[in-house]
Structure formats: structure tokens, C-alpha cells
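Below you'll find the structure, written out as C-alpha cells, and then a few comments.
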Amino acid sequence: MEVFITGDTHGNFRRFLPEFFYEQEWLNKEDILLIAGDFGGVWYGDDRDSNGLDFLEQRPFTTAFVSGNHENYDALRAYPPEEWHGGKVRRIRPSVLLLERGQVFELGGKRIFAMGGASGHDIRDGILEPDDPLFLERFQTLNAQGAPFRVNHRSWWKEELPSEAEYREARTNLEKAGWAVDYIIPHCAPTIIQNALLREFSTPDALTDSLEEVCRQCRFKYHFFGHCHSNLVLQQKYVLLYEQILRLK
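Per numbering that gives the first Met the number 0: the sequence shown = residues 0 to 248.
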């Protein structure tokens, strides 16, 4: 089993075409390509998602992703959970899988801790409620201003951050693993790395703090994350990914 990883896709899977990801010529469905959040392939929860999902299903490899802050959590919840390689997943297509939060997976002899989610960074001007009598007026005003805002259950979901139950499950699974994994794969960075990366623009939260606690307690080789749309290595073992595809060794 080969395992590869890349960053945010936001529903655009062009990088997985054979001319860009040429290694797939030698891969099969036992091989895994991981996406470190903001998958975006289940955005509408209806047939409008089919072209992208069918494209992934036609690839020779299996696609697995952690959730990000740009996901339709209502639509993702419609897929029932099941067990896969030691952890819980939701099967979107036979070979397109959401890795549930706080899970530890055994993939090709590698132990991987998955913890999706992140705080949205494009909601400075608020989150609109669709049932607000003034919704249309407020939407048009903010949209005309080019303001960063979102709409609840349409372009933003509170589930972008984990629940207390998901944090508890993460700790339980890491304890079972003896706090030792090969790779940590969330969507965002731990607080200390986010602070170094974003400096005065950094806004730590419960998830970044939790990830920092995990990194302090856990033995691991690399911590991969997306969210910031760049490719960069920080402090030797924290790897920010966007469009680059890496093979895990």
C-alpha cells in the first residue's frame, strides 16, 4: 500500500489528472491519497457534486480526506459511519472516504491520527441566518461591499470545529495507541506553529490548542496540515501543504 498526501482541494480535483499526478499509473485501490481538509467535494449534497465525486471514483487509487472549515457538514452527516483500517470513516463513494475526527488509522504499516476541522477565517463581517427577515437585504449589502461573510447552513457550519465528544474520542484513541503515531493529519496547525506562521494575524482556538497538546504528548514523525494555501516546512516536522502531493515513506 502506497500513501500520498496533499492539501486543500475545495472541490477542484484537477491536480489528480494523470499528467499532474503521474504516479497513479502504478497505483490501485489499495493505495491511498489523503487530503488534509477543505475537500469540498460534498458541497451541495445532491447531483451537483456527482461530477467531481465520480471523477475521484474513476481514479485508480482511493481518496480519503479529513474535514476542513469549508465543508457541508449537513451533507456529510447523511453518510453513515463505518469501520475502516482501525478507525471510523464515512464512505462517500466506494473509494472516496471521510476520515472521522479523532481516529487512528493503520495504513500501509503507518499509524495516522486524523483530526479535521478549523476556524473559518473569512467571516469577519458575520454569519447570516437564512430565516432572518432582513436576510436578503443584508446579504446584498455585504455582497456588494465584497465583505467576508458566510451564511449558516449554506456556506458555514458550526461543526467546522470539533465537539467535546470528538476531543474525548481523540484522547481515548491516542491513549490506546500509546501516544505514538507516524503522522498527524488535521486541517490546521497547532497553536505554536500557527502563531509562527501567521504572527499578529493568528487567532488560536480550542482546536489549535488541542493539537498543540497532542504534539507535546505524542511521538510522531510529521504533522501535515492545509488551511493556509501554501507549501512550507516549519521546525522540520510541521508540513503545510496546498497543491503539492507528497508520498509518505
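Just so it is clear, CB atoms sit at the ideal spot from N, CA and C, and this is done for glycine as well.
Would you check if the distance between the CB atom of residue i and the CB atom of residue j is smaller than 7 Å?
i, j, result
"Arg92", "Gly115", "no"
"Phe64", "Leu26", "no"
"Pro185", "Phe224", "yes"
"Tyr241", "Ser229", "yes"
"Ala117", "Gln102", "no"
"Arg246", "Phe12", "no"
"Asp30", "Lys109", "no"
"Leu210", "Pro189", "yes"
"Trp42", "Asn71", "yes"
"Arg90", "Leu96", "yes"
Tell me, which residues are paired with residue i by DSSP?
i, result
"Asn253", "A query on residue 253 cannot be resolved here, the shown segment of the chain reaching from 0 to 248 and no further."
"Tyr182", "Ile111 and Tyr221"
"Val95", "Thr62 and Arg92"
"Gly249", "The chain is shown only over 0 to 248; residue 249 falls outside these bounds and no answer can be derived."
"Arg167", "Answer is none; Arg167 lacks a bridge partner."
"Gln231", "Reading off the sequence, residue 231 comes out as Leu, not Gln. Leu231 is bridged to Leu239."
"Phe3", "Leu32 and Arg246"
"Leu127", "Val150"
For a test of the three-state rule: what should DSSP assign to residue i, helix, strand or coil?
i, result
"Tyr237", "strand"
"Leu141", "helix"
"Phe12", "coil"
"Ala77", "coil"
"Val41", "coil"
"Arg215", "helix"
"Ala35", "strand"
"Glu105", "strand"
"Ile192", "helix"
"Ala205", "helix"
"Asp46", "helix"
Nearest CA to the CA of residue i: which residue from the options?
i, options, result
"His9", "Ser66, Arg137 and Gln193", "Ser66"
"Phe15", "Leu32, Val2 and Met0", "Leu32"
"Leu196", "Val95, Glu174 and Cys227", "Cys227"
"Ala146", "Pro129, Leu173, His120 and Glu168", "His120"
"Glu249", "Leu231, Thr202, Ser201 and Ile192", "No answer is possible for residue 249: the residues shown for the chain start at 0 and end at 248."
"Asp53", "Ser94, His84 and Asp30", "Ser94"
"Gly39", "Ala164, Ser201, Thr62 and Lys236", "Thr62"
"Leu173", "Trp83, Arg198, Phe19 and Phe104", "Phe104"
"Ile34", "Val232, Cys187, Phe200 and Thr140", "Cys187"
Since I believe residue j is in contact with residue i (beta carbons under 8 Å), could you give me their beta-carbon distance rounded to a whole number of angstroms?
i, j, result
"Ile122", "Phe138", "That belief does not hold up - the Cβ atoms of Ile122 and Phe138 are roughly 14 Å apart, past 8 Å."
"Asp45", "Asp7", "Wrong, their Cβ atoms sit about 22 Å apart, outside the cutoff."
"Gly107", "Met0", "3 Å"
"Arg58", "Gln23", "6 Å"
"Arg218", "Ala179", "4 Å"
"Leu127", "Asn151", "7 Å"
"Gln243", "Thr5", "7 Å"
"Pro129", "Arg153", "7 Å"
"Lys87", "Pro80", "5 Å"
"Trp156", "Asp73", "7 Å"
Relative to the ligand GDP, is the shortest distance from any of its heavy atoms to the C-beta of residue i smaller than 6 Å?
i, result
"Glu81", "Within the structure as shown, the ligand GDP is missing, as the structure has no ligands at all."
7 Å is my cut-off, CB to CB: does residue i come that close to chain C?
i, result
"Gly107", "In summary, chain C is missing from the structure at hand, where a single protein chain is found."
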